[in-house]
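Q:
Protein chains: 4
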Amino acid sequence: MSITVEKQLVTLNQDIAGQEIGIPVYRIADSSKPASTQVYIQSAVHAAEMQGSAVIFKLIKQLQALELNAEFVLVPNCNPFGRTQRAGEYLQGRFDATTGNNWNRFYHYDQADAESFVEDNLDEIAHWSEAELVSRFKAHLKRKLTEKVDREWGVNTAQFLNTTLQQLAVNADLVLDLHTGPSSTRHIYAPEFLAEQAQYFNIENIISIPVSFAGALDEASFTPWVDLAELLSQKGIEFSYRVKAFTVELGSQENICLTQAKQDSLGVLNYLQQVGLVDGFAGVELTEITTTLLKDYKTLFSKHAGMVEYLAKAGDKVNKGQVIARVLNSLEFDNDSAITEVIAPATGTVILHYPSAAVQVGTQLYKIAIDS
Amino acid sequence: MSITVEKQLVTLNQDIAGQEIGIPVYRIADSSKPASTQVYIQSAVHAAEMQGSAVIFKLIKQLQALELNAEFVLVPNCNPFGRTQRAGEYLQGRFDATTGNNWNRFYHYDQADAESFVEDNLDEIAHWSEAELVSRFKAHLKRKLTEKVDREWGVNTAQFLNTTLQQLAVNADLVLDLHTGPSSTRHIYAPEFLAEQAQYFNIENIISIPVSFAGALDEASFTPWVDLAELLSQKGIEFSYRVKAFTVELGSQENICLTQAKQDSLGVLNYLQQVGLVDGFAGVELTEITTTLLKDYKTLFSKHAGMVEYLAKAGDKVNKGQVIARVLNSLEFDNDSAITEVIAPATGTVILHYPSAAVQVGTQLYKIAIDS
Amino acid sequence: MSITVEKQLVTLNQDIAGQEIGIPVYRIADSSKPASTQVYIQSAVHAAEMQGSAVIFKLIKQLQALELNAEFVLVPNCNPFGRTQRAGEYLQGRFDATTGNNWNRFYHYDQADAESFVEDNLDEIAHWSEAELVSRFKAHLKRKLTEKVDREWGVNTAQFLNTTLQQLAVNADLVLDLHTGPSSTRHIYAPEFLAEQAQYFNIENIISIPVSFAGALDEASFTPWVDLAELLSQKGIEFSYRVKAFTVELGSQENICLTQAKQDSLGVLNYLQQVGLVDGFAGVELTEITTTLLKDYKTLFSKHAGMVEYLAKAGDKVNKGQVIARVLNSLEFDNDSAITEVIAPATGTVILHYPSAAVQVGTQLYKIAIDS
Amino acid sequence: MSITVEKQLVTLNQDIAGQEIGIPVYRIADSSKPASTQVYIQSAVHAAEMQGSAVIFKLIKQLQALELNAEFVLVPNCNPFGRTQRAGEYLQGRFDATTGNNWNRFYHYDQADAESFVEDNLDEIAHWSEAELVSRFKAHLKRKLTEKVDREWGVNTAQFLNTTLQQLAVNADLVLDLHTGPSSTRHIYAPEFLAEQAQYFNIENIISIPVSFAGALDEASFTPWVDLAELLSQKGIEFSYRVKAFTVELGSQENICLTQAKQDSLGVLNYLQQVGLVDGFAGVELTEITTTLLKDYKTLFSKHAGMVEYLAKAGDKVNKGQVIARVLNSLEFDNDSAITEVIAPATGTVILHYPSAAVQVGTQLYKIAIDS
């Protein structure tokens, strides 16, 4: 066993003076073994969601003490645009400050990618081994990413960021995108076909999402492979390989905690061990885990502007009809309209709430995983 | 003729103290005639795009001197969320500062609206006059808007703003949404079926857009009627009524000019006169007008960060291969890399460019209407 | 006893549409007694510092159950400019988003005010009773405020806000300006001559400040009276009356808690009872209180950019040399420079720390009250 | 003559990932001559004020073709904090987005610096040549800057930026700080003792400022030398050396124009030639120049919120009583209050106006140099 850690600074951005601003990319592998498998982990594409970077810090240490059955590519603080964007005392790293484009909604996905691949290789595809098919489709996807970034008319900033990150991730068999919520408990988004396996992360709440594309990296990673399998199935070819991808939500934004990061990393290592990507990890004791379908993961938008006291906190169980928040209206401090109660519309678990007491009509007050 | 001007303050927002912030709604009609037709005009849903409000100011005066064949509903400064949002010396009224949601992308449209209407009225629909059909479908759409705003779990702030504005616009037969570009020449978005008629506005550049929905008010206004006509056509019923809707781009943001607003209003009045909504307007001399299909209206995104000198200005004709901008890189001031030239990828008309010299990779440098 | 609560909406701002945005002003008094004394309490001039508004809500209720020896003027959410200014998911209500002017640094104070008053009334001043002197100087200060707001060339937005609020406060004998810190424990700024009396508020940490003006309301309230007393003393007239004024810091920003607001209000009521402004309040059990001179209340600015884990929290005692924070540098995750430790430069109490893990060089990491 | 251009990247900032962000520093000198004199020129400390960087680009070329009697230190885009801070489509590089601290108000100046220098060298100072005195006081000031940056408790971000830039400028005999206004004509701030000499820059409007410190680099550069001369004068020592320093305002922000930059650079070269710092420059034809005392350079703050049409533009002469702007109020579009006229309070020249039509009460509408 001979584990190496390589570090590279990938230039991604320049500021207006012309200075290059890049992202550190760490590659960890056992140089004594050929790595046929790759794991890609990035953090903080929403720049204020920093806990994932602390987890990557812990993983870099811990992976070096384990037996590695894959090459690991780790990219902390992967958004050089967002991480310099201050707004008052906080970091507005959630969307492009110029356009409003969410940094996590412009990854590349095109249904035509799988279609053109199958069409171009119609005669040979049946003769390829699964390994060859996987390798050739990855190469095909990589070309599509390059073509996109190289377009004569260019791409927008979020597309540029997202597509460039995807070029780093496109060879991976497992993709983890580390995020946090606003004031949030830990939860994980897993595609339906991985919802059960996701339990190995040892995170209390799993949100099981359908295989479709709404712009995020996890979706962009697994959806083309499901597309490909369907097209092949129509040709009578069975193809079971899938890229595995998860969005992991590690608590609250604007915060890091190294002690908790150690805990978070143990969950990741447990998953890696269970799916055979590392060996030698001692394991963790699994907590009780709830899985909620995306359709039952609901957002409660405020119907009132005012100052909000959040009575139900992230992680709390709430019952339908329960008062979960109070909105204070300072123009009515002398009468009974001073307080408006916010009622839980269903029974379930509070996954997150808005991080400020100051809300307007339409503010995303709570996200609740409803009991099925 | 007895023209009345009514003013109403429609509450739409509260600030966190509880104070209501509303929008002024002006209604102008000839009270001596029953108004079977309605025209809806709003401005500044992107709050820094103020010139449309100056145009509404001029229209309110001018309409009172004409013969009116419709009721006019005019809503200047229609975005009470955006118009208080300052960012340095400018107004960031383009998107929700909390979420990045573009204030012009969350209007309500659902293909199911026309479907449910036809299904619910299957037996009677063939017996209705066009007028009755129009009136009943408007009422149906209005109910859908109300249902959306009243959802138990609420809607987000942009949806709340957009849907509330649509409730004001839903009875209109003509909808004008007044915008501006960044550093921009005047242009107008017209649905294909109105591209020719749009010439009456006397605006040099028309962008002809397909009938489909990407979130804006004009699309949300006419698309359901095209849906309805298609469904009726499948049932053998011909239905030619369409709501007419346009997005009008009145030059550059962060600016008002009353002299130019007078000119702008004359184009609007000319359109109204030509389609029979007013009488007694003297008309204007038409300028030369170019119509470009949306697929030929292209955005040039920057491939470099730096300080940009815009050589081609809004309204300029440019040739493929022409140097239209120069990007200055202050880290290379001592060598030939100090300046990178930006080349026009096609021949056409510059409609707008970015309003600041400071750009990053992916900044929308230019929008160009390509010669066909 | 016949307590009345009056409410008034004082217009202070307009948005660009022309809509007036005001502040609610509550006046509570015993109408059966002439009120020779006035108390002024405002909150949230830094708009995200909302807890004071919750405290005012509680005070409005509680005052009605007590015997009042003064008129109470209460102004929650007193900053209509700041309270609409969103920045990501937080409220940037700390400074004018256009100019950077801190909303709490532009109150009016001019040493010449006391000088001109003494000069103008040189002959009569010795013959006035203290009450008459107080009343006349208040009127003089009020005129100066009016003159300032009415200047031909105008005043800047922060001056306009601050001076207008001062017009509401200028008759008060006691002024409380309710604030919060970022991530903060409760503390109170008291002028040296009131540092001991400030203990009645029952807040653990008192910062004793010299009588001088740095822009805030408390300083603007008491400094002219100290000026006046000095000038009179030079003329051989003893004048002991002082306006009392405090800035009260009620925990952390972006947050309200009604339970805690009840506690906070009891401290205020205790002070009011002790200085004779109310009767009938049951009192509170005093906690242990530390007083620190302003010169010993020190800010620790970060010398490193990175992601910070705050090990010492608001309210913690720290020792000189203790590691109070760790800064994570993601470009050094593979070596020992990954973590830089932040050391307490002195022994004392952490009053507050920065609310985000994301810091740059020069970020105000901690404020520490040093043990004397 | 053997002119060399050296380039250095001075690290000044890191982003939260740990990546260093620096400023390019160009040094141009004739290596065949010992440079006893130094010129320091920086641009864009307010990051959106970019035209000065284009001027430095031109100067770097032009200086190489002249005879140099000094070493030139040129620092374009000198603010790595501000130049990444986007706010909508503009660059908010005017103040620290966290604190509101203006990036041009935290340069180091302390009256005690000259005092301690004189006191420390009381016995020897009379025996020093002027050159020695200058050299020793520069070294003294440099030490003070180093002590400040190295303080145990640190300094705030604006202090860090400003003091670091001052370390680059402290040896210079001439300091030029290149800025722009919002929508502005060219003007220059000159200390009274240089107001006449400032005409060589060939800029139409000179603002003559008293020698005192309000936070800017020009003031921080020359004030200590005036302090020193006064203290020496009290000891009977005549000392006429002064650091020369100017703030040059090169038109409007958010914009660069290379053609105009060429013109701007000719003015700078003309000054350099006239004061003997270069030779061989052909000279320029001087325009008519007006000098205004700072007390006559007045700001007109808006008394109304609304949408403003600026009738008087930068560079225009206006007469007292003239309507220079109109404020539109959309809540009064149906009556005579729709427009409020803004009147020039005095006769003079409009130097700049606010760059947006959207204003609030207290917005800095115009700055006018009043005719004396």
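Chains as they are written, first to last, in this note's numbering: chain A, 72 to 443; chain B, 72 to 443; chain C, 72 to 443; chain D, 72 to 443. Every residue, glycine too, gets a C-beta built ideally from N, C-alpha and C. None of the values given here were measured: they were computed from a predicted structure.
(1) Can you tell me whether DSSP reads B:Asp167 as helix, strand or coil?
(2) Which chain D residues sit within Cβ distance under 9 Å of A:Pro95?
(3) On the DSSP letters alone, give me the boundaries of the alpha helix (DSSP H) that D:Leu249 sits inside.
(4) Would you mind reading off the limits of the alpha helix (DSSP H) that contains C:Asn233?
(5) Could you check if D:Lys438 is buried or exposed, using at least 16 other CB atoms within 10 Å of its CB as the buried criterion?
(6) Specify, as a first and last residue, the run of the beta strand (DSSP E) that C:Ile355 falls within.
(7) What is the residue span of the beta strand (DSSP E) that C:Tyr425 lies within?
(8) Out of D:Thr363, D:Thr358, D:Leu337, which has the shortest C-alpha to C-alpha gap to D:Gly351?
(9) Using a Cβ-Cβ distance under 8 Å, would D:Tyr437 count as near chain B?
(10) Do A:Phe272 and A:Asp289 have their beta-carbon atoms positioned less than 8 Å apart in this structure?
(11) Under 8 Å Cβ-Cβ, which residues of chain B neighbour C:Glu160?
(12) Step through the CB atoms of chain C and report whether any lies within less than 8 Å of the CB of B:Ile173.
(13) Excluding the 5 residues flanking A:Ala168 on each side, which residues of the same chain have their C-beta closer than 6 Å to its C-beta?
(14) Return yes when the C-beta of D:Arg98 is under 7 Å from any heavy atom of the ligand FAD, and no when it is not.
(15) Tell me whether C:Ile327 sits in a helix, a strand or coil according to DSSP, three-state version.
(16) Whose C-alpha, out of B:Ala243, B:Ala158, B:Cys328, is nearest the C-alpha of D:Phe397?
(17) What's the gap between the Cα of C:Thr370 and the Cα of B:Pro426?
(18) Taking 8 Å as the CB-CB cut-off, is A:Asn148 touching chain D?
(19) Alpha carbon to alpha carbon, how far is A:Leu302 from A:Val189? Give it in angstroms, no decimals.
(20) What's the gap between the Cα of C:Leu137 and the Cα of C:Arg98?
(21) Under 8 Å Cβ to Cβ from C:Ala240, same chain only, skipping five residues before and after it: list those, please.
(22) Anything in chain C within Cβ reach of D:Phe128, meaning under 7 Å, just list it in chain order.
(23) Taking contact to mean 3 or more Cβ pairs, one atom from each stretch, closer than 8 Å, check whether the segment 385 to 399 of chain B and the segment 411 to 423 of chain B are in contact.
(24) Would you say A:Arg176 lies against chain C (beta-carbon separation less than 8 Å)?
(25) Given this structure, state the Cα-to-Cα distance separating D:Pro95 from A:Gln331, to the nearest angstrom.
(26) Please say whether C:Asn148 and A:Ser373 have beta carbons closer to each other than 8 Å?
(27) Can you tell me whether DSSP reads D:Ile131 as helix, strand or coil?
(28) Please classify A:Ser336: does DSSP put it in a helix, a strand, or coil?
(29) Under 7 Å between beta-carbons, which chain B residues line up against D:Lys78? List them in chain order, please.
(30) Name the DSSP bridge partner or partners of A:Gln79?
(31) With 8 Å set as the bound, which would you pick, yes or no: does the beta-carbon of B:Arg397 sit closer than that to a beta-carbon of chain D?
(32) Shorter than 8 Å from the beta carbon of B:Arg157 to some beta carbon of chain C?
(33) Report buried or exposed for A:Pro253, applying the criterion of at least 16 other Cβ atoms within 10 angstroms of its Cβ.
(34) I need the straight-line Cα distance from D:Pro295 to A:Leu162, nearest angstrom please.
(35) Could you check which residue in A:Lys333, A:Lys78, A:Thr361 has the C-alpha nearest to that of A:Ile277?
(36) Give the DSSP-derived three-state secondary structure of A:Gly386 in the structure shown.
A: Here's the rundown:
(1) Here residue 167 of chain B refers to the residue found at position 96 of the second sequence. Coil at B:Asp167, not helix or strand.
(2) Taking the first sequence and counting its residues from 1, one reaches residue 95 of chain A at position 24. Those are Ala88, Gly89, Gln90, listed as they occur along chain D.
(3) As a position in the fourth sequence, residue 249 of chain D is number 178, starting the count at 1. No alpha helix (DSSP H) contains D:Leu249, which is instead part of the beta strand (DSSP E) from 245 to 252.
(4) By one-based count along the third sequence, residue 233 of chain C stands at place 162. It spans 228 to 240 - the alpha helix (DSSP H) in which C:Asn233 sits, taken as one unbroken run.
(5) The residue given as residue 438 of chain D occupies position 367 in the fourth sequence. The residue in question, D:Lys438, is buried, as its Cβ has 16 or more Cβ neighbours within 10 Å.
(6) On the third sequence, position 284 is the one that residue 355 of chain C refers to. Per the sequence presented here, residue 355 of chain C reads as Val, with Ile not at that position. Careful: C:Val355 lies outside any beta strand (DSSP E) and carries neither H nor E.
(7) Position 354 of the third sequence, counting from 1, holds the residue named residue 425 of chain C. Note, C:Tyr425: premise wrong, no beta strand (DSSP E); not H, not E.
(8) Taking the fourth sequence and counting its residues from 1, the one referred to as residue 351 of chain D is at position 280. Looking at the Cα atoms, D:Leu337 is the closest of the given residues.
(9) Residue 437 of chain D sits at position 366 when you count from the first residue of the fourth sequence. No, its Cβ sits nowhere closer than 8 Å to a Cβ of chain B.
(10) For the purposes of this step, residue 289 of chain A is identified with residue 218 of the first sequence, where counting begins at 1. For the purposes of this step, residue 272 of chain A is identified with residue 201 of the first sequence, where counting begins at 1. Not closer than 8 Å, so no.
(11) Indexing the third sequence from 1 puts residue 160 of chain C at position 89. Thr169, listed in chain order.
(12) On the second sequence, position 102 is the one that residue 173 of chain B refers to. A small fix is needed here, since residue 173 of chain B is Asn in this sequence, not Ile. No, B:Asn173 lies away from the interface with chain C (no Cβ there is under 8 Å from its Cβ).
(13) Here residue 168 of chain A is taken as the residue at index 97 of the first sequence, counted from 1. Cβ neighbours of A:Ala168 beyond the five flanking positions: Gln156.
(14) What this structure holds is no ligand at all, so the ligand FAD is not there to describe.
(15) Counted from its first residue, the third sequence places residue 327 of chain C at position 256. Here C:Ile327 sits in coil by DSSP.
(16) Indexing the fourth sequence from 1 puts residue 397 of chain D at position 326. In the sequence on display, residue 397 of chain D carries Arg and not Phe. Cα-wise, what sits closest to D:Arg397 is B:Cys328.
(17) One-based indexing of the third sequence puts residue 370 of chain C at position 299. One-based indexing of the second sequence puts residue 426 of chain B at position 355. Between C:Thr370 and B:Pro426, the C-alpha separation is close to 40 Å.
(18) The sequence position of residue 148 of chain A within the first sequence is 77, counting from 1. Output row for A:Asn148: interface = yes.
(19) In the first sequence, residue 189 of chain A corresponds to position 118, counting from 1. In the first sequence, residue 302 of chain A corresponds to position 231, counting from 1. Near 7 Å, if we compare the C-alpha coordinates of A:Leu302 and A:Val189.
(20) Position 66 of the third sequence holds residue 137 of chain C. Position 27 of the third sequence holds residue 98 of chain C. Those two C-alpha atoms are separated by around 15 Å.
(21) The count along the third sequence starts at 1 and reaches residue 240 of chain C at position 169. So the qualifying residues of the chain are Tyr111, Gln113, Val144, Val246, Leu288, Ser292.
(22) Locating residue 128 of chain D in the fourth sequence gives position 57, counting from the first residue. Neighbours of D:Phe128 on chain C: none; closest Cβ ~28 Å, over 7 Å.
(23) yes
(24) What you label residue 176 of chain A is simply residue 105 of the first sequence in a count that begins at 1. With 8 Å as the cut-off, A:Arg176 does not count as an interface residue toward chain C.
(25) In the fourth sequence, counting from the first residue as 1, residue 95 of chain D sits at position 24. In the first sequence, counting from the first residue as 1, residue 331 of chain A sits at position 260. Roughly 40 Å separates the two Cα atoms.
(26) Reading the first sequence from its first residue, position 302 is the one you call residue 373 of chain A. Reading the third sequence from its first residue, position 77 is the one you call residue 148 of chain C. No, Cβ-Cβ distance for A:Ser373 and C:Asn148 is not below 8 Å.
(27) Here residue 131 of chain D corresponds to residue number 60 of the fourth sequence, with the count starting at 1. Looking at D:Ile131 - three-state DSSP - the assignment turns out to be helix.
(28) Residue 336 of chain A sits at position 265 when you count from the first residue of the first sequence. It is helical.
(29) Residue numbering aside, residue 78 of chain D sits at position 7 when the fourth sequence is read from its first letter. Those are Asp405, listed as they occur along chain B.
(30) Taking the first sequence and counting its residues from 1, the one referred to as residue 79 of chain A is at position 8. DSSP lists A:Val96 as partners of A:Gln79.
(31) Position 326 of the second sequence, counted from the first residue, corresponds to residue 397 of chain B. Interface residue, yes.
(32) Looking up residue 157 of chain B in the second sequence gives position 86. Taking Cβ atoms only, chain C reaches closer than 8 Å to B:Arg157, which makes this a yes.
(33) Position 182 of the first sequence, counted from the first residue, corresponds to residue 253 of chain A. By the 10 Å Cβ count, A:Pro253 comes out buried.
(34) For this step, residue 295 of chain D is matched to residue 224 along the fourth sequence. For this step, residue 162 of chain A is matched to residue 91 along the first sequence. Rounded to whole angstroms, D:Pro295 to A:Leu162 spans 38 Å at the Cα level.
(35) For the purposes of this step, residue 277 of chain A is taken as residue 206 along the first sequence, with counting starting at 1. If we check each option's Cα against that of A:Ile277, A:Thr361 comes out closest.
(36) As a first step, residue 386 of chain A is located in the first sequence; it is residue number 315 there, counting from the start. In the structure shown, A:Gly386 sits in coil (DSSP, three-state: anything other than H, G, I, E or B).
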